[in-house]
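Chains as they are written, first to last, in numbering that gives the first Met the number 0: chain R, 0 to 463; chain F, 0 to 463; chain B, 0 to 463; chain Z, 0 to 463. Glycine is no exception: its CB is placed at the ideal position from the N, C-alpha and C atoms. To start, the structure under review is shown below, and the notes come after it.
Number of protein chains: 4
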Amino acid sequence: MFGQLHEECGVFGIYEPVVSNVARSTYYALYALQHRGQECCGIAVNENGVFRSHRSAGLVPDVFTAESLEKLGKGNMAIGHVRYASFGDFNFENIQPLVIRHVKGSIALAYNGSITNASELRRQYELEGAIFHGTSDSEVIAYAITKARIQTESIEKAMEMAMNTLKGAYSILLMTGKKMIAARDPNGFRPLCMGKTDDGAIVFASESCALESINANFIRDVKPGEIISVSEQGVSTNETHCGKGSGLCVFEFVYFARPDSVIEGASVSEARLRAGAFLALEHPVQADVVIGVPDSGLDAALGYARQSGIPYGVGFIKNRYVGRSFIQPTQGEREEAVKIKLNVNRSVVEGKRVIMIDDSIVRGTTSARIVNLLREAGATEVHMLVSSPPFKYPCYFGTDISSQDKLIACRFDSVDEIAKEIGVDSLGYLSVESVKKIAKNAKCGFCDGCFTGKYPVEVPEKLQ
Amino acid sequence: MFGQLHEECGVFGIYEPVVSNVARSTYYALYALQHRGQECCGIAVNENGVFRSHRSAGLVPDVFTAESLEKLGKGNMAIGHVRYASFGDFNFENIQPLVIRHVKGSIALAYNGSITNASELRRQYELEGAIFHGTSDSEVIAYAITKARIQTESIEKAMEMAMNTLKGAYSILLMTGKKMIAARDPNGFRPLCMGKTDDGAIVFASESCALESINANFIRDVKPGEIISVSEQGVSTNETHCGKGSGLCVFEFVYFARPDSVIEGASVSEARLRAGAFLALEHPVQADVVIGVPDSGLDAALGYARQSGIPYGVGFIKNRYVGRSFIQPTQGEREEAVKIKLNVNRSVVEGKRVIMIDDSIVRGTTSARIVNLLREAGATEVHMLVSSPPFKYPCYFGTDISSQDKLIACRFDSVDEIAKEIGVDSLGYLSVESVKKIAKNAKCGFCDGCFTGKYPVEVPEKLQ
Amino acid sequence: MFGQLHEECGVFGIYEPVVSNVARSTYYALYALQHRGQECCGIAVNENGVFRSHRSAGLVPDVFTAESLEKLGKGNMAIGHVRYASFGDFNFENIQPLVIRHVKGSIALAYNGSITNASELRRQYELEGAIFHGTSDSEVIAYAITKARIQTESIEKAMEMAMNTLKGAYSILLMTGKKMIAARDPNGFRPLCMGKTDDGAIVFASESCALESINANFIRDVKPGEIISVSEQGVSTNETHCGKGSGLCVFEFVYFARPDSVIEGASVSEARLRAGAFLALEHPVQADVVIGVPDSGLDAALGYARQSGIPYGVGFIKNRYVGRSFIQPTQGEREEAVKIKLNVNRSVVEGKRVIMIDDSIVRGTTSARIVNLLREAGATEVHMLVSSPPFKYPCYFGTDISSQDKLIACRFDSVDEIAKEIGVDSLGYLSVESVKKIAKNAKCGFCDGCFTGKYPVEVPEKLQ
Amino acid sequence: MFGQLHEECGVFGIYEPVVSNVARSTYYALYALQHRGQECCGIAVNENGVFRSHRSAGLVPDVFTAESLEKLGKGNMAIGHVRYASFGDFNFENIQPLVIRHVKGSIALAYNGSITNASELRRQYELEGAIFHGTSDSEVIAYAITKARIQTESIEKAMEMAMNTLKGAYSILLMTGKKMIAARDPNGFRPLCMGKTDDGAIVFASESCALESINANFIRDVKPGEIISVSEQGVSTNETHCGKGSGLCVFEFVYFARPDSVIEGASVSEARLRAGAFLALEHPVQADVVIGVPDSGLDAALGYARQSGIPYGVGFIKNRYVGRSFIQPTQGEREEAVKIKLNVNRSVVEGKRVIMIDDSIVRGTTSARIVNLLREAGATEVHMLVSSPPFKYPCYFGTDISSQDKLIACRFDSVDEIAKEIGVDSLGYLSVESVKKIAKNAKCGFCDGCFTGKYPVEVPEKLQ
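Structure below.
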């Protein structure tokens, strides 16, 4: 909406002991994961080796009608995908799950992440005779697996070999005629967890909220580097690629994930409350009310309020009725038009010194407009606090960011200058040390590359 | 969502000094009023007496595309309408605005409310030769005005005469070739306010949030019984029907209106905070956290938390991605399926004594399910508080309610029995005295008929 | 397609002895009548007094899906309508059948024709308090019937009274809770026939081809001025308005009706063959091949070929795949773009002297283009013959024509001048005397007002 | 409609000297080729190496809206495709043109035909690591070309090499960043011709009617085995694969092609007239009228009438208003429901001895129904003549046929038995010798494999 960061994807998979309505379960789970991607979605159903799929641009409840779900039919497995599509990348061919047909059996795959050596691999495969229909990395992954598969006896082994080839971030769900495979890159940049329903189905999802939506019980997170295989023979695991040091994207806690999800043992909403509390300790401000920018700034604001004792208020009302084709105000109208989607609740801020908390500042233009709205509504002071450190470096692992020259933290030398640009009385960011502590007792390490420029793995030079 | 109360409608009108993009302004304003009706919507544009309209079932951003807005064209006036349609009442003919063509000039009208003597009037008109295309009261209103219009010299006078005939609740916007008329029933059951844009357009809306969405400034509420006419000659008013004692529906503050709206001088969100504070005084409970049921219970929960000192928490996560045709779980799945739309945030309630605040209880089944979810998530005690009195009598003035035999407060004699039915450790309702005080300094009286059975005007026997 | 004449409508009605799938029968019958109107269509179903309707812009198989037919449900009666909509008259409110709800019972009506005193009646009704939603005459008819109905005891009598009021052309089908009424204006300008299915249903249709499509047997034409009523008591007739001299539109035989229909006892295709034969007698030409302009010129060409002995050839291929939104070539491309829809079959005309037969010439521009195509394809001579007389006067009875100043026969004084304008070597029209003889043994008189300016009934001055 | 034969596809390509509206030209050309495939269609536009495509299920004017054509934008080349899809083969992935992205440049391809060794090639490619998205042969062709391309210096040479690999029938249009390639299999089973517009664009199409629709002039047919390349350097040709003996599918003349097309120098409509004349010589019958089954039987009937002197009549009226989702009568209704789409013109056949000519008999059930309709309409005798020989063997070269056990000519030993099954007084087929003579002066040989079982090339055993 407001030039924010974008997660690239969310994935879900289900393996049922018997043929059942796996499309419907996947539909509800994708609906729960909709916040991870609102542009495209798809479901592939596997009925004893016969694959049927439906994918299109649009929100889950728009793309999947009663009719299209019925056409997908029943099955013993299904995988689904939701996706944010960057501009120019909106071809049908790029919508996942990718279904490919092969003499060794059909496979369908969906993934979340970004393959850093995709263009090298693509070029290499093409020179060997491969053809690509779309531009997404999913076809590169499919080739890597297929090429391994024809040299080895099992899909699990083929995945292990493919992981020697693929660099970067990936949480993959893959469906063969008889097996469901879940794999996570050795650093575990993107989350992936496993659950089980009461009737014995094994499910995988980017976030635990998807498990809850279909009444599945959380079992555990897939480990960084782990390959889990589910089949009639049960669940098996391959940990060849494990143990290389984990680096979960910290923005999953700060912004991407749904508050009711639990990742690596830590509650997302609690992490945001803690971020707010850390902010209160690092940046004490004299004020009358603490408000958050919806949706992910709300928990941090509440955390700040609790720690500081300053009252929490609901300062903004966000319009929830998003349609397929909402007509955006024209550029000329836009300066004032933020309020069509986000209106200030005047009674909360009028005549008050306001602390406003947001999860991040990307380009700064939206923050400036929102601050302006608060002043128009009568706020006497506006102090902005950000529940993450300044965003200064590109992400190569699945977060869609503006180029560096648009990042406000790159354009200005000091926080004071940014504060001036945005028009606030004061501005504070959460420190890098603190942001890595917000996920209480989390069982993983974190990637903080976008704050520090230091990435857990080498990044190909041509991407930099 | 969950068998809740339904407001029937929202209206918006704009009178521009020059021909301009009134359809677009109406589009944004209806988007801001979407919470008042999600089933149907429509816009009628008036370009110097030429009327063009578009109306259909669906959300505002789904019904109005760039193409349909362009077809509506420019104009100097427009009115729009959003609507909740009760089952069986889904005919195109019933979608407003109603546009009629007449030798004395075309008119378009949209209204919010309920005409209590509609069926008598309809029968009378039909026996005089009238024909009706649909089943909504809007055609009855149109006949009442038309029949008056052919006997008098002006539309304002015709409206005054029609108001002698029409009984019940109505906030009407009416557009003739040259004038915009706004009228409110003598009791002012439903809200209607007036504003002005910087470039001189006069606007009317059910709620002030619609004014803000298009940067119009609030001027004042239309008075109960008042008729306001806007034309090239300026703004004039007729107060013949004023002064009969106002009775605004208190549920506008409790539940229907958007928190950032101001009605009769009182902030809606502040009213809800105050409802929570009154609840804290009337029903003190020992607990560890106060949570609200989204969306309208949230402010009341925050108000209770502030008054009581018990921490406020975000106990539920509501899924926001509503599509046109979300596939509901089947009846069999439904018991557990509340969580597809509303999931408990386990980290907030686990191991805690919880106060859960909702705005009302209608049939009680949804409350029971939500309480069950809280217990499953580990709440050790669940105390439910309701920010309005028990709902025991039918509403004849524009709120869609279940028949009395489904109302939980009618089915059981005592609050304790209801508490047992819902499965809570304790239950408390806000008193009738307090609910009338929640709108701070409101300049109006309130209708509390649904709590007390005493209505501000006589209700036709056959309706009872 | 090519600036041709347009019939306004086609109607169909079915009365079943028991509740059955009347919507489906009506769907197939409307499909058979699609040539009478391709812009809008609608069906109203009557299930023991409960009316459900669906109507929209589009072709019958586009508007009615399996889903919309299912929503219409079963019934014991249904009426349907297809319609050509002139520009600017495309409002939903004007799409028939019109369904109105009334204290004396709901009615639905559909009609084909044109009420010549509609605007006077409309004004009169409005001054009595009536309101109109659309601009079509169907609401005027509904008011005329309703106003009569409240003064008399039966719908049949009300229809008889309404026919005292209504002037012009109308073939009406009307459905009350318990009865199906069919009525035709006293001159019988537009056709209407009655049939019966093997299982006892009574059906009415504009043309007999609709009866055949649902395997109903033709019984007879409704007489000019006759009112037929079908109910549980059987079929009754009222002939009060009969005997005023019939004047069927001769263009029903020349152009509008489907070749396999039989009207007033005469086969339409045979009438066209006879028109061709009369042309051969009136306009003998030396030539090598006779071709017709699809579709209605084909039979006349065959008739000419048979009478003259000159070989018949298929000179044009018409593209049949008409979609909802075929993108027309732009004005600049249009001169040459006739051939996208109508291509010359070169092998038939190359090096030959060609007689080309069409049913009429309206503005002449399309004829000129087609003649040019023939010459480009190598025709050495092009002789055009028209199977109707020159079209010189407006029609007030249901045919949509260009204003007189665009009619080529009004713009030029002589046939030779028209021939020169169109670019043919010779041109001949069928005589007025002959065109009235083409329908062999037809049991009716004909209106030839558009050729002669003499109409069977007086035409209101203001229309002229 | 009636269990008839189906052509698999039609193709069109345009190479413009400058960037222009190639999408629009392709749209009109595909509209002219719609009879070759009504299930799916697609267009790929090439703007100096940037490819944009749109493809979907549906008729050309339904799939391509003003909006989708605008999104395709302008370009210097485009190719398009229409397609009949057999049941179960309706995946998006199979709709052409196929667009693939490759390090050596993107290519788009569309083809008409059937690759007889597709499954062997597919298996071989998959074992080398290839992945397939769909099930159509177009991906196999793309791999064959790509694999050749990476071993050679030019696309023309790559196509020549690929043609060593590909067996069967194919008329291919292929677009690289800078070139348009047209190629036809060495036997030339399917037609493909070349034309030129007045402004210098080179175009290719399955049939010449597509050239005429956009005012392009016919140049010549692409030769069997020829590869034509169009680029900035002009038009070049490669005839390496030419001269292997041509075998055009004779059904192109009998049934598939549009009557106004010219293939290999012979007019299609004239070929059908000649087929009728040969029938008259081989099967003289005493009768009163000759009628054809629409659409392709009409010309043959006219040819029979001319040769025999028996009058030609229009015995059937076909409903032309085909929608996207016409609701078929249920199986129970079907026996009688042929007439919804095809009604007998009673005045033409009543009381007469009728000769009915159709292009082929596949399963015989539809013929039996139609004959029954004629008898019901009063025909005293019905003699059926077929303008092709009995259809006894499968086609491996792009015609979709029922399996042999459904072919009536396989189920019965003699023509008399078939006549009895269909219910005609007599039945005659055109001889194999005559059918090969119908295309007057055609410059090619013909495949008559479906009549004789002798195919111009070897057919893989596993297909037989």
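For the pair Gly377(R) and Gly350(R), the Cα-to-Cα distance works out to about 5 Å. Secondary-structure assignment with DSSP links His80(F) through a beta bridge to Val10(F), Gly41(F).
Note on the stretch 107-131 of chain F: whole alpha helix (DSSP H) runs with a minimum of 4 residues are 117-126, in chain order. Contact annotation: Gly74(B) and Ala22(B) have beta-carbon atoms nearer than 8 Å.
Here Glu269(R) is buried, its C-beta having at least 16 other C-beta atoms within 10 Å. Under the three-state reduction of DSSP, Ile213(R) is assigned to coil, being neither helix nor strand. By the Cβ rule, the stretch 224-231 of chain B does not count as touching the stretch 27-40 of chain B, because fewer than three pairs are nearer than 8 Å.
When secondary structure is reduced to three states using DSSP, His282(R) falls in the coil class, being assigned neither helix nor strand. Under the Cβ criterion (8 Å, minimum of three pairs), the stretch 43-58 of chain B counts as touching the stretch 92-102 of chain B. Between Ile400(Z) and Arg362(Z), the C-beta gap is not smaller than 8 Å, which leaves the two residues out of contact. In the DSSP assignment, Lys195(F) falls within the unbroken beta strand (DSSP E) covering 192-195.
Per DSSP, Tyr428(Z) is one residue of the beta strand (DSSP E) stretching across 425-428. Those residues of the stretch 56-83 of chain F placed with their C-beta closer than 9 Å to a C-beta in chain R are Gly57, Leu58, Val59, Pro60, Asp61, Val62, Phe63, Thr64, Ala65, Leu68, ordered along the chain. Around the beta-carbon of Gly308(R), fewer than 16 other beta-carbon atoms lie within 10 Å, marking it exposed. The CB of Arg51(Z) never comes closer than 8 Å to any CB in chain B; the least such distance is about 17 Å.
Contact with chain R is absent for Arg368(Z), since none of that chain's Cβ atoms lies less than 8 Å from the residue's Cβ. In the three-state reduction of the DSSP assignment, Arg148(F) falls in the helix class, which pools H, G and I. Taking a Cβ-Cβ cut-off of 8 Å, the neighbours of Tyr26(Z) in chain B comprise Ile326, given in sequence order. When the beta-carbon positions are compared, Ile180(R) and Val139(R) stay at least 8 Å from each other. Non-local C-beta neighbours of Gln306(R) in its own chain, meaning closer than 6 Å and more than five positions away in sequence, comprise Ala276, Ala279, ordered along the chain. Scanning its chain for C-beta atoms nearer than 8 Å, with the 5 sequence neighbours on each side dropped, one finds around Ala367(F) the residues Glu420, Ile421, Gly422, in chain order. A distance below 8 Å separates the beta carbons of Phe396(F) and Gly167(F).
Shown here for His34(F): same chain residues with a beta carbon closer than 7 Å to its own, the five before and five after excluded, namely Arg257 in chain order. DSSP places Asp298(R) within a helical segment (H, G or I) once states are collapsed to three. At least one C-beta of chain Z is nearer than 8 Å to the C-beta of Ala129(R). By the beta-carbon neighbour count (other beta carbons within 10 angstroms, threshold 16), Pro388(R) is buried. Listed in chain order, the alpha helix (DSSP H) elements of length 4 or more contained wholly in the stretch 359-411 of chain Z are 364-375, 407-410. Inclusion of Val44(R) and Gly72(R) in the CB contact set at 8 Å is warranted, their separation being smaller than that value. When rounded, the separation of the alpha-carbon atoms in Leu297(B) and Ile316(B) is 11 Å. Shortest Cα-Cα distance from Asn116(F) to any of Ala143(F), Gly133(F), Asn90(F) involves Ala143(F). As the crow flies, the alpha-carbon of Ser135(B) is around 26 Å from that of Met193(B).
DSSP, read as helix, strand or coil, puts Pro293(F) in coil. Across the stretch 94-108 of chain R, CB contacts with chain Z closer than 8 Å involve Leu97, Val98, Ile99, Arg100, His101, Val102, Lys103, in sequence order along the chain.
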